[in-house]
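In order, the protein sequence lines correspond to chains A and B.
Count along the first sequence from 1, add 39, and you get the number used in the working numbering.
Count along the second sequence from 1, add 39, and you get the number used in the working numbering.
Number of protein chains: 2
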Amino acid sequence: MTHSEKARRSSGKRERLAAAAAKVLHEQGVEQTTLADIARAADVPVGNVYYYFKTKNELVEAAIAAHAQNLRAVIGELDALPTPQDRLKALLNGWVEQRELTARYGCPTGTLASELDKRADGLDQAIAEVMQILIDWAAHQFQAMGRDDSRELALALVAAYQGISLLTNTLRDPELMTAEGRRLERWIDSLT
Amino acid sequence: MTHSEKARRSSGKRERLAAAAAKVLHEQGVEQTTLADIARAADVPVGNVYYYFKTKNELVEAAIAAHAQNLRAVIGELDALPTPQDRLKALLNGWVEQRELTARYGCPTGTLASELDKRADGLDQAIAEVMQILIDWAAHQFQAMGRDDSRELALALVAAYQGISLLTNTLRDPELMTAEGRRLERWIDSLT
DNA sequence: GTCTATATCGAGATAGAC
DNA sequence: GTCTATCTCGATATAGAC
């Protein structure tokens with residue numbers, strides 16, 4: 040029996056737990072978050088969590104998978120836009136729109152990556168793959184613009200976002216994201 | 040009796056603990072690090088730690104202060120260089136030289152900032168001030184170059200560094216730092 | 001499949017001998 | 001000032017009733 044089959048039979052509690060984990064882990068961080076926190080957010084009794092996830096690590100893994108799926112959905116929408124410049128700028132817009140959340144809790148992927156890197160488990164690899172999805176997509180856009188340094192540009196773009204997310208969060212100023220968004224937009228225009 | 044007086048009388052154990060804390064917290068993260076870890080690294084018995092620091096938070100605070108002092112020392116050396124361009128490029132060079140450490144553990148200031156932000160204590164403010172030291176210094180250099188958007192440029196520079204540090208760490212590839220360092224150097228040249 | 005009660009364990013913190 | 005032994009508490013995880 041697969042996970043999704045189990046989930047159908049149990050009124051989606053597994054999905055609720057994974058979604059709640061993604062949200063609460065972003066807000067509180069992995070170490071600060073107890074299973075009780077996640078269970079409460081998902082409206083599931085604490086002890087019951089272990090029926091769906093054998094360990095806390097498995098729950099974190101499910102949260103990472105939820106992030107990955109979310110990222111793929113965002114990217115899928117961007118791909119409907121006509122030019123690579125449009126697509127990259129729409130990505131920037133999305134980041135700027137999230138600025139209040141970022142000022143409070145940082146970038147969901149970035150803060151997770153930073154935390155998981157300090158742990159012995161294999162979860163750092165999983166979050167690295169999520170980050171790579173974004174980098175690869177951005178590189179693809181720069182390539183479509185005819186740049187032969189597309190990978191370096193993609194890394195610079197994602198780094199700029201991760202960095203300004205950290206500063207926005209650390210200094211609690213959402214407008215840092217707005218200003219950097221504008222700057223990156225001009226940068227993209229200058230590349231053509 | 041002040042702390043430094045106490046320290047003199049106790050063969051510098053307080054300083055040893057603060058320095059060990061700075062190192063171990065960078066390597067393992069705040070939550071993953073036990074007082075026993077820090078005590079061992081400083082070669083001090085565990086129970087004795089509480090004579091010097093009443094709580095774990097106070098030790099973390101001391102570690103942040105050590106980082107701040109270290110940063111000020113680095114900046115002090117850079118200030119000896121003749122032009123703002125030289126000073127900024129020397130800062131970049133220092134970052135690139137640290138790339139192996141960054142690939143393993145991330146930027147000391149950035150990873151601490153990311154972690155402390157998820158905590159209820161007031162330590163997020165302390166690390167924000169350390170970050171601000173660097174931003175202010177960089178803004179000063181851009182201003183000396185005659186730029187009236189010096190603060191925005193400084194934020195972009197520090198963000199680029201924080202971001203590429205995160206990617207270098209997450210993807211475990213020190214050469215990402217090398218490439219971005221070269222790119223930022225060209226960027227600085229283009230601003231004059 | 002669902003949930004309660006509880007075992008276990010490790011960390012921060014303290015008491016008090018020296 | 002220094003260090004050992006120990007208290008306390010909270011979190012993960014499990015046993016087992018329903």
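Each residue gets a CB set at the ideal place from its N, CA and C atoms; glycine is no exception.
Check	Outcome
Contacting positions in the stretch 168-197 of chain B - beta carbon closer than 7 Å to chain A	M170, E191, L194, A195, V197
contact_flag[the stretch 88-95 of chain A, the stretch 162-175 of chain A] where n(CB pairs < 8 Å) is 3 or more	no
Endpoints, the alpha helix (DSSP H) within which D125/B is located	123-136
Opening and closing residue of the alpha helix (DSSP H) in which S229/A lies	214-230
Nearest-angstrom Cα separation, counted from K93/B out to R111/A	47 Å
From R126/A, Q124/A, D125/A, S153/A, residue whose alpha carbon lies closest to that of V69/A	S153/A
Buried or exposed by the 16-neighbour rule on C-beta atoms within 10 Å, applied to G185/B	exposed
Simplified DSSP state of T32/A, which is helix, strand or coil	There is no way to answer for residue 32/A, as the model of chain A reaches only from 40 to 231.
Same chain, Cβ closer than 6 Å to E219/A, neighbours up to 5 away in sequence not counted	I203
Beta-carbon neighbours of E70/A, restricted to chain B and to distances below 9 Å	G68, V69, E70, Q71, E154, K157
Collapsed DSSP secondary structure at A80/B in the structure displayed	helix
Span separating the alpha-carbon of L215/B from that of A193/A	11 Å
Residues of its chain near P147/A, where Cβ-Cβ distance is below 8 Å and the 5 sequence neighbours each way are ignored	A61, H65, H106
Residue interval of the alpha helix (DSSP H) (run including G145/A)	Note, G145/A: premise wrong, no alpha helix (DSSP H); not H, not E.
Burial state of D160/B, where buried means 16 or more other Cβ atoms lie within 10 Å	exposed
Check: R158/A C-beta below 7 Å from any heavy atom of the ligand PLP	Of the ligands one can find in the structure shown there are none, so the ligand PLP has no counterpart to examine.
Local Cβ density within 10 Å of Q164/A, reported as buried at 16 or more and exposed below that	exposed
Proximity test, Cβ basis, 8 Å: I77/A and chain B	no
Length at least 3, wholly inside the stretch 81-124 of chain A: the beta strand (DSSP E) runs in chain order	none
Extent of the continuous alpha helix (DSSP H) run through M170/A	162-183
Exposed unless 16 or more other CB atoms sit within 10 angstroms - verdict on P84/B	exposed
A142/B beta carbon less than 8 Å from that of R55/B	no
Whole-number beta carbon distance between D156/A and G149/B, since they are thought to touch under 8 Å	Not a contact, Cβ separation roughly 12 Å.
Cutoff 7 Å; reference M40/A; Cβ partners in own chain excluding five residues on either side	Confidence at M40/A is low in this model, with a pLDDT of 43, below 50, so its placement is unreliable and no value can be given for it.
7 Å Cβ shell around E224/A - same chain, five flanking residues per side excluded	K128, L131
Alpha carbon of L140/B to alpha carbon of E191/B, nearest angstrom	28 Å
Three-way DSSP call (helix, strand, coil) for K62/A in this model	helix
Candidates A119/A, I114/A, L120/A: closest to W134/A by CA position	I114/A
C-alpha gap between R53/A and Q71/A, whole angstroms	22 Å
Sequence-distant residues of the same chain with beta carbon closer than 6 Å to I77/B, five excluded per side	A59, A60, V63
Per-residue contacts from G145/A into chain B (C-beta, under 8 Å)	S153, D156
Cα-Cα separation, K45/A to E97/A	With a pLDDT of 44 at K45/A, under the threshold of 50, the modelled position of this residue cannot be trusted; read the value that follows with caution. One C-alpha to the other measures close to 16 Å.
Beta carbon proximity, N208/B to chain A, threshold 8 Å	yes
Chain-ordered neighbours of Y200/B on chain A, where CB pairs are closer than 7 Å	G202
Cβ pair A195/B, R222/A closer than 8 Å	yes
is_contact[L74/B, chain A] using C-beta, thresh 8 Å	no
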